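Reviewing the structure listed below.
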Amino acid sequence: MSPPTQWLSATETAAKVASGELTASRIVDHYLARIANIDREIGAYLVVSSDEARRAAQEIDQARAANQPLGPLAGVPIALKDMLVTKGTVTTAGSKILEGWIPPYDGTVVEKLRAAGAIILGKVNCDEFGMGSSTERSAYKKTKNPWDTSRVPGGSSGGSAAAVAAGLCAASLGTDTGGSLRQPAAFCGCVGFKPTYGRVSRWGVVAFASSLDQVGPLTRTVRDAALMLEVIAGVDPRDSTSLDAPVPKYTDALTGDVKGLRVGVPHEYFEGTIDDEVRAAIEKTKQALVERGAILVEISLPNTAHALAAYYIVAPAEASSNLARYDGIRFGKAAAGAKNLYDLYARSRGQGFGPEVKRRIMLGTYALRSGYYAAYYKKAQQIRTLIKRDFDNAFQHVDVILTPTTPTAAFRFNSKASPLEMYLGDVFTLSCNLAGIPGMSVPCGITIDGLPIGVQLLGKPLDEATLLRTGGVIEAVVGLGARRPGGVPA
Amino acid sequence: MPTLTRKEVDEIAMLARLHLEPDESARMQDDLGKILDHFLALATVETEGVPAMTHAVPMDLRLRSDEPAPSLPASDALRGAPAREGDTFLVPAIINGGDA
Chain A
5 MSPPTQWLSA TETAAKVASG ELTASRIVDH YLARIANIDR EIGAYLVVSS
55 DEARRAAQEI DQARAANQPL GPLAGVPIAL KDMLVTKGTV TTAGSKILEG
105 WIPPYDGTVV EKLRAAGAII LGKVNCDEFG MGSSTERSAY KKTKNPWDTS
155 RVPGGSSGGS AAAVAAGLCA ASLGTDTGGS LRQPAAFCGC VGFKPTYGRV
205 SRWGVVAFAS SLDQVGPLTR TVRDAALMLE VIAGVDPRDS TSLDAPVPKY
255 TDALTGDVKG LRVGVPHEYF EGTIDDEVRA AIEKTKQALV ERGAILVEIS
305 LPNTAHALAA YYIVAPAEAS SNLARYDGIR FGKAAAGAKN LYDLYARSRG
355 QGFGPEVKRR IMLGTYALRS GYYAAYYKKA QQIRTLIKRD FDNAFQHVDV
405 ILTPTTPTAA FRFNSKASPL EMYLGDVFTL SCNLAGIPGM SVPCGITIDG
455 LPIGVQLLGK PLDEATLLRT GGVIEAVVGL GARRPGGVPA
Chain B
10 MPTLTRKEVD EIAMLARLHL EPDESARMQD DLGKILDHFL ALATVETEGV
60 PAMTHAVPMD LRLRSDEPAP SLPASDALRG APAREGDTFL VPAIINGGDA
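Taken in sequence, the protein lines are chains A and B. The working numbering applies: residue 5 is where the first sequence begins, and numbers increase by one. The working numbering applies: residue 10 is where the second sequence begins, and numbers increase by one.
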């Protein structure tokens, strides 16, 4: 028997629409009803685009009835992280400074999704401007983890992960600057995929740190991540940093075969404090790969210990520059009663940005200011080179690197005492962005308390296919199977 | 270099065009001080002769062909502006306007 509509994968949903077993309209109505019933408790959505979604579904159904060719995501309901710019639909990046902003254009990835027949259900919550690891930093609402609603969904793509895990969309797109797809995916039992830097266009993505940001899928299955990546990847004349490289058929990578695959295990990632249950799940995953013919290789990434400090200089420095555009003049909110131009800038920004964004702007401005640049920003960029070299060296001996995604499973609300403590939780995911390589998180187990655990795979630049192939095997052997979160109705 | 003084916090806020209330400024001094202290370890990393990396993927920035194409109509671009007049953004006067 087929599972209920909300637990079909994106791949299965598209197949049922293509075969005529389900209409897109019926699927969309099902999801909209489920959002109306459940999302008050979960808090994933900032905007639900009911009318637009129903219209798009009717178009798909009419196209099918007229025997017109359907796109690969025809009839698949998708939730978009609010960092992605959507024509005619409010886009806030989780910030009050953009409250009510209706963009006049679609981002490239949004255009590509629509062209593939995907149906945009709405915009989902995130930490303000992607700066956070729990979605507690959203200026709008609290998003809960569907596996345990007393815990965070992770972040910054927490709305995406909660929506996918709770069956409130078939799949989602998010952004990842330092782990913002992989960490929430791990916390919510989903697949999170950060492509190689430049693999996916950033045009129409609210900028956080431009040399680190990438858009990627957050899905229920590895195959769905491959399918979504096929749709969104590729060069874009509007993003000069997008890579002009052919887009493989990523779904073909899921061969189920890891015989002879060389899997690197960096000892530096296992030396710090890692929760025992996370450690045990990663061990089990390693053994599962070995039993299927993979070869484990102990490797060293000696500069791992410096990644956190380097990241928290580079990312805030770029953010302080990118967020200069929010000036109270061109879009967003302006402070009332400003005495002069400086006052208008400073008060609009003071009122519009939340505490974490202010902290990062201050940190970035500190690191970039005259006299401090060499000690902080330049030093961090040099360390970035060392981290990249570590990966280049490692990938001469291995095909893929395996680590935990996070040191612990999902934590409780308000449990991180200081900003620094929150930053320390990102320790395993940051290096991937600094080096620009692809990374993914795949569910690999569950704690005694019923919280999902994720394993992270890191790959060579543009070798997304090997990550997907390895992830597919992990999913099949140690994944969560048909297990569903306890915090929402089945 | 760290810990930060309150005066430094206020200078950085001015450079960042960010108005901070006094209690925010005090909290910022504490938070940033702790974060910067943590970053002191970077100074011990040997980076002599290591090039600084701006982008992870080597890329030659491409030029697009120099052909005129329609751009966003001014009315659309201005729609989100808090204050506008005709086809222009409205800002406080900066000449004879007493800009700080």
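Backbone N, C-alpha and C fix where the C-beta goes; we use that ideal spot for every residue, glycine too. Quick caveat: nothing in here was measured; it's all calculated off a predicted structure.
Taking each of 353/A, 462/A, 22/A in turn and checking the Cα distance to residue 398/A, the smallest one comes out for 462/A. Per DSSP, the beta bridge partners of residue 266/A are 299/A. Residue-level contact check: residue 90/B touches chain A, since one or more beta carbons of chain A fall below 7 angstroms from its beta carbon.
In this structure, residue 324/A lies away from residue 277/A, with their beta-carbon atoms at least 7 angstroms apart. For the C-beta of residue 388/A, the chain B residues within less than 9 angstroms are, from N- to C-terminus, 61, 62, 63, 65.
7 angstroms or more divides the Cβ of residue 406/A from the Cβ of residue 209/A. Residue pairing of residue 351/A in beta bridges, as defined by DSSP: absent, with no partner found. Of the candidates 211/A, 58/A, 56/A, 73/A, 211/A places its Cα closest to the Cα of residue 132/A. Distance between residue 32/A and residue 158/A, taken at the CA atoms: about 27 angstroms. Note on geometry: alpha-carbon atoms of residue 332/A and residue 280/A lie some 48 angstroms from one another.
Judged by DSSP in its simplified three-state form, residue 140/A adopts coil rather than helix or strand. Given a length threshold of 3 residues, each whole run of the beta strand (DSSP E) inside the segment 370-456 of chain A is given here in chain order: 404-408, 443-450. Proximity of residue 25/B to chain A, defined by a Cβ-Cβ separation below 7 angstroms, is satisfied.
Taking all protein chains in view, the Cβ of residue 66/A is surrounded by fewer than 16 other Cβ atoms within 10 Å, so the residue is classified as exposed.
No Cβ of chain B is located within less than 7 angstroms of the beta carbon of residue 250/A. For residue 248/A, the number of other beta carbons within 10 angstroms of its own is below 16, and it is reported as exposed. Per DSSP, the unbroken beta strand (DSSP E) holding residue 218/A starts and ends at 218-223. A residue is called buried when at least 16 other Cβ atoms come within 10 angstroms of its Cβ; residue 52/A meets this threshold and is buried. Annotated three-state conformation of residue 35/A is helix, per DSSP. DSSP places residue 57/B outside both helix and strand once states are collapsed to three, so it counts as coil. Within the same chain, no residue comes within 7 angstroms of residue 396/A by CB-CB distance, once the 5 residues on both sides are set aside.
When the five nearest sequence neighbours on each side are left out, the beta carbons in the same chain lying within less than 7 angstroms of the beta carbon of residue 182/A are those of 216, 315, 319, 430, 433, 434, 437, in order along the chain. In summary, residue 452/A is exposed, with fewer than 16 beta-carbon neighbours lying within 10 Å of its beta-carbon over all protein chains present.
Counting along the chain, residue 69/A sits inside the alpha helix (DSSP H) bounded by residues 54-69.
Counting the other CB atoms within 10 Å of its CB gives residue 84/B a total below 16, which places it among the exposed residues. Among the CB atoms of chain B, none fall inside 7 angstroms of the CB of residue 405/A. Within the same chain, and ignoring the five residues on either side of residue 302/A in sequence, the residues whose Cβ sits closer than 7 angstroms to its Cβ are 269, 271.
In the DSSP assignment, residue 177/A falls within the beta strand (DSSP E) that extends over 175-180.
Interface criterion not met: the Cβ of residue 14/B is under 7 angstroms from no Cβ in chain A. At least one beta carbon of chain B lies nearer than 7 angstroms to the beta carbon of residue 202/A.
Annotation note: the segment 157-210 of chain A contains the following uninterrupted alpha helix (DSSP H) runs of length 4 or greater, listed N- to C-terminal: 162-169, 186-192.
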